[in-house]
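Enquirer:
Okay, here's the thing in structure tokens:
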């Protein structure tokens, strides 16, 4: 699509998801025709597709987490491994790193105090 808007209007009214008029933004953007916006949309969609996380990379992350959790539990009981960052919150892209920390387990509740 061209340029979607949603949320609240300046007057507090609820705005629907629809395409804003090109006339409202012509002086602000280098794209002035509907065809130019369509080309930009296609380019952005293609770029985002290249960054998308694949099922294979998700499997590698899960495998890595499993192996790391196994190592941590073998090294010292009472410790747990916890992922954080883009992989944990769902914003990872292809090539994102895997951030993890070790936490001391409090009872059976899971992670407690992170190390350092």
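Residue numbers (the numbering used here): 3 to 118.
Every residue, glycine too, gets a C-beta built ideally from N, C-alpha and C.
For the beta strand (DSSP E) that contains residue 83, what are its first and last residues?
Expert: Its beta strand (DSSP E) spans residues 81 to 86.
Enquirer: Below 7 angstroms between beta carbons: does that hold for residue 89 and residue 53?
Expert: No. Outside cutoff.
Enquirer: In terms of residues, what are the limits of the alpha helix (DSSP H) holding residue 61?
Expert: Unbroken alpha helix (DSSP H) run through residue 61: 57 to 77.
Enquirer: In whole angstroms, what is the alpha-carbon distance linking residue 40 and residue 51?
Expert: Distance between the alpha carbons of residue 40 and residue 51: 16 angstroms.
Enquirer: So, with DSSP's three-state summary, where would you put residue 101?
Expert: It is a strand residue.
Enquirer: Which same chain residues end up closer than 7 angstroms to residue 45 when comparing Cβ atoms and leaving out the 5 residues on each side of it in sequence?
Expert: Closer than 7 angstroms at Cβ, skipping near neighbours: no residue.
Enquirer: Looking at C-alpha atoms only, which residue of 38, 107, 100, 37 is the closest neighbour of residue 62?
Expert: Nearest option by C-alpha distance: 100.
Enquirer: Could you compute how far the alpha carbon of residue 42 sits from the alpha carbon of residue 92?
Expert: C-alpha separation (whole angstroms): 26 angstroms.
Enquirer: Could you pull out every residue in the same chain whose Cβ sits closer than 8 angstroms to the Cβ of residue 56, ignoring the five residues on either side in sequence?
Expert: So the list reads 96, once near-sequence residues are dropped.
Enquirer: Considering just the uninterrupted stretch of the alpha helix (DSSP H) at residue 49, what are its terminal residues?
Expert: Its alpha helix (DSSP H) spans residues 36 to 53.
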